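So for the sequence shown, our numbering puts the first residue at 1359; every next one is plus one.
Each residue gets a CB set at the ideal place from its N, CA and C atoms; glycine is no exception.
This structure is a prediction, so every number in the text was calculated from the model and none was measured.
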Amino acid sequence: MNYRTILLEVTDSVATITLNRPERLNAFTAEMHAEIRDALTGIEAPGAARVLVITGAGRGFSAGQDLAEGAVMSGDPSRADVARTLEENYNPLLHRLRALPMPVIAAVNGVAAGAAANLALACDIVIAARSASFLQAFARIALIPDAGGTYTLPRQVGMARAMGLAMLAEPLPAETAAAWGLIWKCVADDHFRDEVASTAASLARGPTRTYALLKQAMYASADSRFDDQLQREAALQREAGRTHDFREGVTAFLEKRPARFEGR
Ligand code: T3D
1359 MNYRTILLEV TDSVATITLN RPERLNAFTA EMHAEIRDAL TGIEAPGAAR VLVITGAGRG
1419 FSAGQDLAEG AVMSGDPSRA DVARTLEENY NPLLHRLRAL PMPVIAAVNG VAAGAAANLA
1479 LACDIVIAAR SASFLQAFAR IALIPDAGGT YTLPRQVGMA RAMGLAMLAE PLPAETAAAW
1539 GLIWKCVADD HFRDEVASTA ASLARGPTRT YALLKQAMYA SADSRFDDQL QREAALQREA
1599 GRTHDFREGV TAFLEKRPAR FEGR
């Protein structure tokens, strides 16, 4: 299908969604959200893909919500409902990416600002080019961090850094984001695309069903008691132990050969 604001490509089980409004630094519009939803429906279909990569066209990842389309610009400002786009667009997207039964890589090629920064940080693996940065731009326009920022940031970098990022709204260079443990990796610009491609290819050869179970376990842990989490692990491990890939993994180990996972 042809989209106007994104590109969708699926090659060797790797689906790539490229945010594609480079003249607006790939800022999100309602149309872009609708197109991403449509693309995800195809990607979720059984056998369609085993990894999703989200990246940006041109020099930026995304500047977050398109402020020319935002709530405050449409109609009477005193009646603006900024939460509506969160409830209708961003929050369902965040839930959907977490629940997607495959790894999701945010390939942050340049600046990621506002809701786009937090969307990237909510992905399973974040790889950023060295020239990229993460900007909690919200306070600059008198908003609070959204798209999960107030959840993700204190948990991943601690309250002191989360507060600094949110209140000062200064760009966080990719290298510092990696040093703080906010992202998986910061890679030299020259090697960025190759690193994303090799990571995606490696995950596409992996035990996809197990990755989906692993996501469930990891994302539940932040809100779980220790004992509940142990029970959840046992239940999910039971499922993992019944996959074809578990049998293949153990067989390959005993036969001293690389495993050939099929994602089931
Ligand atoms: O409904 C609601 O509004 C609520 C939703 C809230 C969720 C959010 O995401 S709030 C946060 C929204 N994002 C921002 O506040 C970031 C705004 N952008 C910037 O601060 C800067 O663009 C950057 C720091 C990200 C990058 O700066 P720079 O100098 O590299 O690029 P630039 O020149 O500012 O941007 C290039 C073009 O993209 C420019 O257009 P022009 O002048 O060439 O015609 C600029 O206006 C446009 N652009 C950048 N960000 C946005 C945008 N257009 C619309 N919306 C944007 N968010």
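| Asked | Found |
| --- | --- |
| Note down, one range per segment and in chain order, each alpha helix (DSSP H) of at least 4 residues found wholly within the segment 1516-1574. | 1517-1526, 1532-1537 and 1547-1562 |
| Mapping DSSP to helix, strand and coil, what is Thr-1363? | coil |
| Quick one: what's Gly-1625 bridged to in DSSP? | The structure shown does not extend to residue 1625, since the chain is modelled only from 1359 through 1622, so no value can be given for it. |
| My understanding is that Thr-1636 touches Gln-1423, with C-beta atoms under 8 Å, so please give their C-beta distance in whole angstroms. | Missing from the structure shown is residue 1636; the chain here goes from 1359 to 1622 and no further. |
| Residues bridged to Ile-1303 by DSSP? | What the structure shows of the chain is the stretch from 1359 to 1622, and residue 1303 is not part of that stretch, so it cannot be assessed. |
| Note the first and the last residue of the continuous alpha helix (DSSP H) segment covering Ala-1598. | 1584-1598 |
| Taking the straight line between their C-alpha atoms, what separation do you get for Thr-1568 and Ala-1438? | 43 Å |
| Smallest Cα separation from Arg-1519: which of Arg-1498, Glu-1620, Lys-1543 and Leu-1493? | Leu-1493 |
| Pick out whichever of Leu-1452, Ser-1579, Asn-1447 and Asp-1547 has its Cα sitting closest to the Cα of Leu-1594. | Ser-1579 |
| Looking at the structure shown, is Ser-1579 part of a helix, part of a strand, or coil, going by DSSP? | helix |
| Any heavy atom of the ligand T3D closer than 7 Å to the Cβ of Gly-1506? | no |
| With H, G and I counted as helix, E and B as strand and the rest as coil, what does DSSP make of Gln-1423? | strand |
| Can the beta-carbon of Ile-1463 be found closer than 8 Å to that of Val-1409? | yes |
| Indicate whether Leu-1383 and Ser-1420 have their beta-carbon atoms separated by less than 8 Å. | yes |
| Expressed to the nearest angstrom, what Euclidean distance is found between the alpha-carbon atoms of Thr-1363 and Ala-1592? | 42 Å |
| Please tell me whether Ile-1485 and Val-1372 are closer than 8 Å, where the distance is taken between their beta carbons. | no |
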